[in-house]
Amino acid sequence: MAETTPSAMPPCFERWCARFDDCFKNQSQKDGFRQYLGGLLGESERKNLTQMADNSVGVVYHRLHHFLTEAPWSATQINQRRLEVMNKCSQTRIGVGLTMILDDSGHRKSGNFTEGVGRQYLGEIGKTDNGVVVVTTHLYDGKKSLPLDIEIYQPASSLLSGKEDEEFKKKPELGLELIDRSLKRKYRPKIVLIDAGYGNNTPFLKELEKRKLKYLGGVAQNRKIIRKTESGIEEEISLEKLAKSLKPESFTPVILSVEKPKTLYVFIVSARIASLEEERTFAIVMNASSWEEATDIDYFITNVQAEKVTPQWVVETYSQRNWVEVFYREAKGWLGLREYQVREKESLLRHFILVFCAYTFILWHHLTGGLQRRWANKPLETFTDALEAFRTAMSFRFFTWLTQNIDVFSAHKAALGYIWALNLFKSH
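Residue numbers (UniProt numbering): 1 to 428.
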């Protein structure tokens, strides 16, 4: 059942929301926070303002819209509190030796009135279209992952003065800002994982090295490297051309243990690139032992000490980026990350941070076991399992409330233009 009401949310939800109360200036804002999170966590088919208000008894659309767009509260403060809550519990705290993942993700958005909308590459659909792109950072400690920060990328076409506009920042610039926020919080990663959009940007790599950060990043196939041949002569060659020239025995097979284990073939070489001093380590990873047979080929660069960069390390370390894809799938599919009815940048960021809060609420209870103990008789192994357990709690509480408030619910449906009355069930 899609309907719910703030009057009957599970106690664990109220305890979670109470941790944020001092971030708001009045009761109306506190109520708005609870109502919006409750809507994101509920079973509405769509998670926009209209649908969430219609499906929640006692929630008024205009008040919810005011909370998201005009009420004076800080999304930055809410996000900081969210991370503080996670850090206070040993079961939820991100452990030492953490991996930081920098990524961007886009989704379609029609029209051109929403800030940040423009024709740009959207990874979600694998092509250029009208949409919004966000840049995010995440942490992973080998057992759990956590979204950190988010910023909206505004393409030049969406700004009045284009690339000359003071609001314009390239994705690597936004990425560095997010990384610096994390460093200020004392999150110092063992490794930063980046895709080719960042790994192929030499100034960005230099900035990471200035911060004494180790990285493993994708690079483009046409990236030229300078390496010594077997005869000791230096040659400049593109990674793609190098991959084509290698014999099958040059590659080391590595089994990647995922849901469906697969064998990858890795070649590692130390080389220089023209714009960086000293050698870095490069890797070519294919899904077959020869260029002719391979259908998936990736290229990587890292500044980790060469002796530590083994084929196994490259494959296993970079595979941790999959946790970002898992997050986007859950945040978009279950929590409405891309579903909003606002246009201003600040309101968009508020929506995204509130989605982060909803996601972290489920993650916190999944890791601490509260939902398992009270609302499940099977292991809750995934985020989706934990979310379904919480929705079970929501539906139980709502049905209990409904038995005592049928008239209130009938009035709610009537206000939406529908009839919900017991006498109709008797005659039809």
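Think of the CB as a built atom: it goes at the ideal place given N, C-alpha and C, for glycine as much as any other residue.
The residue among K241, S56 and W323 with its C-alpha nearest the C-alpha of E292 is K241. In terms of Cβ geometry, K345 and E177 do not form a close pair [threshold 9 Å]. Our two residues, G111 and F251, have alpha carbons roughly 48 Å apart in a direct line.
Pairing N303 with E209 gives a Cβ-Cβ distance under 9 Å. By DSSP's assignment, Y299 forms a beta bridge with I284. The beta carbon of V315 sits closer than 7 Å to those of V254, L256, L264, V266 and V285, all from its chain and outside the five residues before and after it, given in chain order. One thing to note: E151 has its Cβ within 9 Å of the Cβ of T136.
In the three-state DSSP reduction, A386 falls in the helix class (H, G or I). Contact between the region 76-86 and the region 349-356 is established, with three or more Cβ pairs separated by less than 8 Å.
Taken through DSSP and simplified to helix, strand or coil, A271 comes out as strand.
The alpha-carbon separation between P172 and G417 amounts to approximately 49 Å. Shown here, T128 sits in a strand according to DSSP, grouped into three states. Distance check between R321 and each of D141, L371, L64 and F13 places D141 closest, using alpha-carbon atoms only. Scanning E43, I237 and A306 for the CA closest to the CA of E278 turns up A306. A distance below 9 Å separates the beta carbons of L146 and T360. If you look at G217, you'll find it in the beta strand (DSSP E) that goes Y215 to G218. Apart from the 5 residues on each side of it in sequence, T295 sits with its Cβ closer than 8 Å to the Cβ of N287 and A288 in its chain, given in chain order. Under the three-state reduction of DSSP, I233 is assigned to coil, being neither helix nor strand. Under the 8 Å Cβ criterion, the region 189-201 counts as touching the region 211-224, having at least three qualifying pairs. Boundaries around I78 are those of the alpha helix (DSSP H), A75 to N87, since no beta strand (DSSP E) includes it. The beta carbons of V269 and L68 sit no closer together than 9 Å. Per DSSP, reduced to three states, the secondary structure at D149 is strand. CA-CA distance, V326 to E43, rounds to 20 Å. Comparing C-alpha distances from E230 to each of R391, L246, K184 and A220 shows the shortest one belongs to L246. Straight through space, the alpha carbons of L335 and V57 are spaced by roughly 19 Å.
In the three-state DSSP reduction, M394 falls in the helix class (H, G or I). Between L239 and R223 the beta-carbon gap is near 5 Å, inside 8 Å, which marks them as a contact.
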